[in-house]
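So the structure is just underneath, and the comments pick up after that.
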Amino acid sequence: MKIAFIGHDLKFLNDAIEFFEHSPNISVKIDKWEGHEIKDEQASLEIVEWADILFCEWGLGNVVWYQKHKKPHQKLIVRMHRFEMNTIYPSQFDYHKIDKIIAISPYVYEEFHRVASIPREKMTVVYNGVQTEKFEKVKSSKAKYNIGIIGIVPKLKRLDRAIEIFEELYRRNNKYQLYIKGKHPKEFGWVWNNQAEREFYEEVFRKIENSPFKKNVHFEGWGDVTSWLKKVGYVLSVSDYESFHMAPIEGMASGAFPVVLKREGVNVVFPKDYIFETIEDAINFISENDFSTNNNLKTFVKENYSLTNMCNQIMDIFLEK
């Protein structure tokens, strides 16, 4: 079986790609796009001549191009997140050419049916998978006081809420530290050149700069999350919306507690004990939690979001008649 993985951003699929690369009787190639529209058509045409399975990560221009060029014997599989819903691309899908659309959560499944009118019979749900072994590292003794947030761009990630939570925790106990993992918004032109986005971040940064907790807030760039999580005891998920939100799931795999503010779709992803109605509820949980009782977190991820389970489900889709 020859599988081509196609898309502009494969970060949520890298472990799965590696899984298939090491599977018997499977060959893998990557068609890495520079953006949402095709730039190197010759490279993609060579993939069309080679592949049995065309797997588009994100349902964007890659789907629109490949549905036009796929051969009758080839399967075209599309994995959708949520970002695509606000783009022009789902309205251009040809469901006679697309064999299956994978939604990464039941929430995404329902939203794409409701908003983009994607036929239910074309969709299935396969949750994101985590290579849990990579996160099996000993926690720092200070982890109970260390709060983490992974990815703060765009503003819908709600860095302001993370700071509000941390401000009160610091007021209660100045041992608390906030570690912010990911790229600075300045590194995203489409964010920093947007007045509303830029003003949002500048206001949050001013608040940090003028605060008594300034030295306890640490901005750390992108890099190895598995090592970074060794020092983190709580991973925040405070966005306006998420399709799944891998960061707190990876945190759970490391033994960190997820702290998730209630929003649409979270109840089918996270255990209810870690979903909070208000910021105050989240603060109280962190400050009052017995950090030693976190053994079930890793088990939950292994049972519900293992990489092997995800890849086996995807393989079943490849093999469907």
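Going by my numbering, the first residue of the sequence shown is number 102, and it counts up by one from there. Beta carbons are placed, not taken as given, at the ideal position from N, Cα and C, and that holds for glycine. Given the structure is predicted, the values throughout are model-derived calculations rather than measurements.
As assigned by DSSP and simplified to three states, the class of residue i
| i | result |
| --- | --- |
| His170 | helix |
| Gln414 | helix |
| Tyr271 | helix |
| Met102 | coil |
| Thr409 | helix |
| Asn295 | coil |
| Val333 | coil |
| Tyr321 | In the sequence as presented, Tyr is not what sits at residue 321; that position holds Glu. Residue state, collapsed to three classes: strand. |
| Glu378 | coil |
| Glu288 | helix |
| Lys315 | helix |
| Tyr277 | coil |
| Leu398 | helix |
| Val165 | helix |
| Ser338 | strand |
| Asn126 | coil |
| Leu177 | strand |
Contact belief for residue i with residue j at Cβ below 8 Å, rounded distance in angstroms
| i | j | result |
| --- | --- | --- |
| Val360 | Phe386 | 7 Å |
| Lys235 | Thr327 | 5 Å |
| Cys412 | Phe113 | Incorrect: roughly 13 Å between the Cβ atoms, too far for contact. |
| Leu146 | Leu177 | At roughly 15 Å, the Cβ-Cβ gap does not stay under 8 Å, so Leu146 and Leu177 are not in contact. |
| Val164 | Tyr190 | 7 Å |
| Thr233 | Ala348 | With a Cβ gap of about 15 Å, Thr233 and Ala348 do not count as contacting. |
| Phe301 | Val254 | The pair is not a contact, with the Cβ atoms about 11 Å apart (cut-off 8 Å). |
C-alpha gap between residue i and residue j, whole angstroms
| i | j | result |
| --- | --- | --- |
| Trp134 | Cys157 | 11 Å |
| Val370 | Arg299 | 31 Å |
| Ile250 | Phe345 | 15 Å |
| Tyr424 | Arg259 | The requested residue 424 does not occur in the structure, where the chain is confined to residues 102 to 422. |
| Val239 | Glu212 | 39 Å |
| Tyr228 | Lys373 | 18 Å |
| Lys78 | Asp341 | Residue 78 lies beyond the range of the chain shown here (102 to 422); nothing can be said about it. |
| Lys422 | Trp151 | 20 Å |
| Ile281 | Ala204 | 28 Å |
| Val305 | Leu257 | 13 Å |
| Ile415 | Glu269 | 44 Å |
C-beta contact flag for residue i and residue j at 7 Å
| i | j | result |
| --- | --- | --- |
| Lys103 | Ser241 | no |
| Lys223 | Ile202 | yes |
| Tyr406 | Ile350 | yes |
| Val402 | Val149 | no |
| Arg180 | Val209 | no |
| Ser293 | Lys287 | Residue identity differs from the one stated: residue 293 is Trp in this sequence, not Ser. Yes, these two residues count as a Cβ contact at 7 Å. |
| Leu111 | His137 | no |
| Ala383 | Ile264 | no |
| Ser388 | Arg273 | yes |
| Asp116 | Leu408 | yes |
| Ile248 | Tyr335 | yes |
| Ala105 | Asp141 | no |
Are the region 311 to 326 and the region 189 to 201 in contact at 8 Å, needing three or more beta carbon pairs? With a cut-off of 8 Å, the region 189 to 201 and the region 311 to 326 do not count as touching, because too few Cβ pairs lie within range.
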